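Heads up: take any position in the sequence shown, counting from 1, add 11, and you land on the working numbering. We put the CB at the ideal spot given by N, CA and C, even for glycine. Since the structure is predicted, the reported quantities are computational estimates derived from the model, not experimental observations.
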Amino acid sequence: MSASKSDKIVCDNGGERVDVFLAANFSGLSRSAAQKLLDNGRVLLNGSSVRKSHVTSDGEVFFVTIDSPEDPVAAPQDIPLDVVFEDCDVIVVNKPRGMVVHPAPGHPDGTLVNALLSHCGGSLSGIGGVRRPGIVHRIDKNTSGLIMAAKNDRAHIALASQLASRSITREYDTIVRGVMKLDCGTIDAPIGRHPVDRKRQAVTDRNSRHAVTHYEVIKRFRGYTYVRCQLETGRTHQIRVHLAHIGYPVVGDITYGRKKPELGLSSQCLHARCLKFFHPVTGESVVLVADLPEYFVKVLEKLERLSE
């Protein structure tokens, strides 16, 4: 017999219909299934049911009740973590490339969430739901670097509010194909689902959201450029989509760039280098930096040799 479980989730990227938002943020939930939940009054906002035509806003907290045929709670797993910062409210981890952030179809365990549950002893915010406890923001499986989690609901709500107000700074280092002409620039182009391939994102005016990425050149090589990007918004695959859009795809990104591996990479060369935020309880500024991982350093060394 199925059991009913209520998940609580904070919207940190508003501007789309609530059925689209739910389908994108609940693993295995289709848009039609999300609409059915909305029609049946199983999605609440401020204690009231939500119409499926409702357009989400940053900071809204939804309570979603879903019948689950099995216990979806992620299990603690003793997986080593590179902890960069931790106190009783927040933990920041330097995630390795290849680690999935939270359980999803095809990745039921071995995720960052499984590791955090073991490390934190169950002390994680419940706002992300049973599949994403504590998770404030996400980075792709094959992106390495800094990611934060909240240890209680108070911290989670405060950090989500900072994301919504764009007071959290997220810097990424990457290597792109092509030699950038400008030393720095801003990419201001809306991002939405690709009109044909639903697994991809694209720059589009249809069902899209405002997206802004700032970039600066760190070093130019023969045929490639080492770039640092700063997110003003945080859309899915934003840096990868934006850089490909202006003609400089991320090296190793077979989704938005070359379909064949290059420079020894079969996935994107993208590292979440720096995270700056205000502590959700003390208000003090926290600045964290994660050194470049070995795979990234090896690519830079190879480019140095090729450019000699």
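Kindly indicate which three-state DSSP category residue i falls into: helix, strand or coil?
i    : result
R204 : strand
S60  : strand
S172 : helix
K47  : helix
E81  : With a pLDDT of only 47 at E81, under 50, the local geometry of the prediction cannot be trusted, and the value read off the model is given with reservation. The answer is coil: DSSP assigns E81 none of H, G, I, E or B.
V292 : coil
S155 : strand
L55  : strand
Within the continuous alpha helix (DSSP H) that includes residue i, where are the two ends?
i    : result
R316 : 305-317
D120 : Per DSSP, D120 belongs to no alpha helix (DSSP H) and is neither H nor E.
A255 : 249-256
L33  : 29-36
When the Cα of residue i is compared with those of the options, which residue comes out closest?
i    : options                : result
N163 : F288, H65, C131, V261  : C131
P116 : V104, I146, F37, Q46   : F37
A175 : N57, L242, R62, T293   : L242
F307 : T154, A171, Q212, V147 : T154
H225 : F232, Q249, R209       : Q249
K287 : I158, S43, D151        : I158
V300 : P291, L254, R181       : R181
Looking at residue i: is its Cβ nearer than 8 Å to the Cβ of residue j?
i    : j    : result
I90  : N125 : yes
D93  : V104 : yes
D30  : I77  : no
T215 : V228 : no
C22  : G58  : no
D199 : V223 : yes
L135 : A160 : yes
G26  : R231 : no
I need the boundaries of the beta strand (DSSP E) containing residue i, first residue and last residue.
i    : result
Q88  : From DSSP, Q88 is part of no beta strand (DSSP E); its letter is neither H nor E.
H225 : 223-232
Identify, in the order they occur along the chain, each residue of the same chain with its Cβ nearer than 8 Å to the Cβ of residue i, setting aside the five sequence neighbours on each side.
i    : result
G133 : P87
E97  : V103
Short of 7 Å in beta carbon distance, which residues of its chain neighbour residue i, apart from the five on each side in sequence? Order them along the chain.
i    : result
L303 : D184, H282
Note down, in chain order, each residue of its chain lying with its Cβ closer than 6 Å to the Cβ of residue i, except the 5 sequence neighbours on either side.
i    : result
H65  : V29
M110 : L123
Are the C-beta of residue i and some C-beta of chain B separated by less than 8 Å?
i    : result
R181 : Annotation note: the requested chain B is absent from the structure, which comprises a single protein chain.
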